[in-house]
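All remarks here apply to the structure that follows.
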Amino acid sequence: MLEIQQLRTDLDAVTRQLAKRGYAFPIEAFNALEAERKTIQTQTQELQAQRNAASKKIGNAKSKGEDVSAIMAEVAHLGDALKQAETQLEQIQNSLQKILLEVPNLPHDSVPEGKNEEHNQQIRRWGEPRQFDFAIKDHVSIGEGLGLLDFETAAKLSGTRFSLMKGGLARLHRALAQFMLDTHTQEHGYMEAYVPYLVNRESLRGTGQLPKFEEDLFAVNAGGAENSTSNNSPAFHLIPTAEVPITNMVRDEIVPLQSLPLKYVAHTPCFRSEAGSYGRDTRGLIRQHQFDKVELVHIVHPDQSYEALEQLVGHAEKILQKLALPYRVMALCTGDMGFSAAKTYDIEVWLPAQNTYREISSCSNCEAFQARRMQARFRNENGKPALLHTLNGSGLAVGRTLVAVLENYQNADGSVSIPEVLRPYMNGLDQLGKTGGE
RNA sequence: GGAGGUGUGGCCGAGCGGUUUAAGGCAGCAGUCUUGAAAACUGCCGUAGGGGUGACUCUACCGUGAGUUCGAAUCUCACCGCCUCCGCCA
461 MLEIQQLRTD LDAVTRQLAK RGYAFPIEAF NALEAERKTI QTQTQELQAQ RNAASKKIGN
521 AKSKGEDVSA IMAEVAHLGD ALKQAETQLE QIQNSLQKIL LEVPNLPHDS VPEGKNEEHN
581 QQIRRWGEPR QFDFAIKDHV SIGEGLGLLD FETAAKLSGT RFSLMKGGLA RLHRALAQFM
641 LDTHTQEHGY MEAYVPYLVN RESLRGTGQL PKFEEDLFAV NAGGAENSTS NNSPAFHLIP
701 TAEVPITNMV RDEIVPLQSL PLKYVAHTPC FRSEAGSYGR DTRGLIRQHQ FDKVELVHIV
761 HPDQSYEALE QLVGHAEKIL QKLALPYRVM ALCTGDMGFS AAKTYDIEVW LPAQNTYREI
821 SSCSNCEAFQ ARRMQARFRN ENGKPALLHT LNGSGLAVGR TLVAVLENYQ NADGSVSIPE
881 VLRPYMNGLD QLGKTGGE
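Quick note on my numbering: the first sequence kicks off at 461 and runs consecutively.
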C-alpha cells in the first residue's frame, strides 16, 4: 500500500512511476473521491464538535441541577445529520481504501524499465553448463525411468499439477530442504520457524495477496461448513508461500530497535491455484499446485533494506554454489515485478533439457509497502514508531532445485549422481540408480 | 464442543453513563543537583487523520462490529483473542 499523503501531494510523479510497471492509476476517480472526502470529513467533524460541546453543557447543567430541556432541543436535530454524514464519510473512505489496496508498489530508481521478462537485466552468471556426451533426458523421463516419479498416480489421487515421489527421490527432495535449512541457520544467521499453513484474510491482506489476487489461492472451510464466516468468505486460505505467515509475525507490532534485523527461514509447502497459467509448464515438477519451498524473510530498518536485499540474494545463491548448479541473477524490469516489490532479483538455474535458465528464486525488497498494510513498525532513534521494511526470497524452491539436480547430475545409464553436499543427508548414498537408491 | 473468567497507552493498572482533557505507577526523554554515577526533585512523554503559511485547532481510537442515549471505556447484542476446568483427539 502506498502512503495516501504521497498521492495527495505528488499524484503526477506517483502515476508516472506506476505507469512504468504498466499500471494505470485511476486519477479521475481518486481526485473526485478526495474532493468529496475533504468536504464530508470537515462537515462531519464540525457536527461532532457541536454534539460534543452540547453534551458537555448538558452534563454540566445536570450536575448543578439546572433545567436542560433548552439545550436538549438545540441538539435534537443534530442526530440525523450527523449519522448521515458519518455514513457517507465511511463509504468514501472505503472506496479510497479499495483503490489504495489494489495499487502496486513503486519501483525503486535502480530498477530497469521494461514491459516484460525480455527486458530483465542480467546482473551476473555463475558456473558453466555441463557438456553432455550422450542424449540427455528431462527430469520427468529421468524420474519415471528410475521408477520414483509418478504423475499418473498423483493425477488419480488429486488431479493435474500434483506429483508423487517415492524412495530415493522422495528422500533427495527431503535432503534438499534439510540442507537449505541447515545452511541458512548455521551459516547465514537465520532463525528457523515452523509456521501455520492455513492463514486468515488479514495476513493475506498484509503481504498483498488480498484483495487483488484471491483467484490464485486455495480457500479452506471447516468440514460441513459452507462458509465459516458471516460475510461469505472462507475461514482460511492455504499459504501460497511462507512469506505470508512469517512476514505477518510483525503485523500490528512495534519491534524494538535493538532486535533488528529479524531474519527468519522456514520450510513449508506452498499452494497455488495457478489460475491463468493453463497450458504453461504442464509437464513435470516446474509448476505444481503444491510444492515445497525454503523461504527467507528479513524485517529490517528502512536504511538497511537495500543492503539486506543483496545479502538475501547472496544467501540463496550460496545454495546453488554448494550444489554446483550453474545460474544467473536477473534484475527484474518494472513490468515484470510482483505487486508488492520495489525491487526484485530472480535467480535462474540452468536446466539442460530445456537448454535455458529457469527461475528458482525470487528475492524482493518490499520497502514499507507490506509494513504499511500490516502496521508493522519499530521504535526509531527518536522513540517514534516508524514503518519497517520487509524483504523475502526463496532460498530455494525445493521442487525446482530437485529438477535441476536430476537434469544436471544425470548419467548416460539413466542414474543420477548425488551432489557431494547432499550425501550426508542421504546416508552416504552417492547415486540414484536403477535399484531406486534404497 | 460445554462451563466459567478476562481483554484499557511501550508495560502494569484505576475507572463501570456526564470537569476523563483516560487517574496512578513503571520504563523512556530533557533539566536541576553532583567530580561522575545513583538517589531526589522539576518538566515532557500514545496512535492516526482533518483544517490552517503558522502559533494553533478539531476529530477518531479503551479487543472487533452493531445498538441504546443529548452524551458510552462504562449499558445491550454478536463476534474474535487469551486464561482455567470438562469433553474429544494425533
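Where a beta carbon is used, it is the ideal one built from N, C-alpha and C, also for glycine.
Same chain only: Cβ atoms within 6 Å of residue i, ignoring 5 sequence neighbours per side
i, result
"G874", "G605"
"K782", "V881"
"H579", "C793"
"H648", "H775"
"E867", "H599, L811, P812, A813"
Local conformation of residue i per DSSP, three classes
i, result
"C746", "Before going further, note that residue 746 is Ile rather than Cys in the sequence given. Coil at I746, not helix or strand."
"E898", "In this prediction, E898 has a pLDDT of 47, which is less than 50 and means its spatial position is unreliable; what the coordinates show is noted afterwards. Coil."
"E819", "strand"
"L811", "strand"
"T701", "coil"
"G853", "strand"
"P884", "helix"
"F639", "helix"
"V659", "strand"
"L892", "strand"
"M461", "coil"
"F490", "helix"
"E652", "strand"
"Q544", "helix"
"M532", "helix"
"A484", "coil"
"V563", "coil"
"Q503", "helix"
"A473", "helix"
"V571", "coil"
"A596", "Residue identity differs from the one stated: residue 596 is Ile in this sequence, not Ala. Note: I596 maps to coil in three-state DSSP."
"Q669", "coil"
"D796", "helix"
"R511", "helix"
"Q551", "helix"
"S601", "helix"
"R590", "coil"
"E577", "helix"
"A784", "coil"
Residues sharing a beta bridge with residue i, DSSP
i, result
"Q870", "V876"
"I714", "R837"
"M709", "Answer is none; M709 lacks a bridge partner."
"K723", "H758"
"T804", "S824"
"A846", "F838"
"Q582", "M790"
"A521", "Beta-bridge pairing links A521 to no other residue."
"M625", "L609"
"F696", "V680"
Close beta carbons around residue i, own chain, < 8 Å, minus the five adjacent residues each side
i, result
"A630", "L608"
"A637", "H727, D752, V754, V858"
"L542", "T504, L507, Q508, R511"
"I500", "A545, Q548, L549, I552"
"F799", "P564, N565, G668, K672, F673"
"E562", "P671, K672"
"S690", "Low confidence applies here, because S690 scores a pLDDT of 39, under 50, leaving its location unreliable; read the following figure in that light. Excluding residues within five positions, none has a Cβ falling inside 8 Å."
"T469", "none"
Chain-order list of residues whose beta-carbon lies under 7 Å from that of residue i (same chain, five-residue window excluded)
i, result
"Y885", "A635, Q638, F639"
"E808", "Y787, R788, M790, Y817, R818, E819, I820"
"K778", "T643"
"D890", "S877, I878, R883"
"L493", "I552, S555, L556"
"I971", "This structure does not reach residue 971, given that the chain is present from 461 up to 898, and the question cannot be answered."
"T701", "C730, K753, E755"
Residue i: CB within 8 Å of a non-hydrogen atom of the ligand NAP
i, result
"S555", "Among the ligands in the structure shown, none appear at all, so the ligand NAP cannot be discussed."
Evaluate contact between the stretch 813-832 and the stretch 605-620, counting only Cβ atoms and requiring at least three cross-stretch pairs below 8 Å.
no
Beta strand (DSSP E) runs contained entirely in the stretch 727-781, provided each spans 3 or more residues:
750-760
Whether or not the stretch 815-824 and the stretch 706-716 are in contact is what I'm after, with contact meaning three or more pairs of Cβ atoms, one per stretch, closer than 8 Å; do they touch?
no
Would you call the stretch 729-748 in contact with the stretch 787-803, where contact means no fewer than 3 C-beta pairs closer than 8 Å?
no
With a threshold of 8 Å, are at least 3 pairs of Cβ atoms found where one atom belongs to the stretch 617-631 and the other to the stretch 744-756?
yes
If contact is defined by three or more beta carbon pairs under 8 Å, each pair taking one atom from either stretch, is the stretch 589-604 in contact with the stretch 831-849?
no
How about the stretch 669-682 and the stretch 643-654: do they share at least three Cβ pairs that are nearer than 8 Å?
no
Contact between the stretch 565-578 and the stretch 478-492 is defined here as three or more beta-carbon pairs at a separation below 8 Å; is this criterion met?
yes
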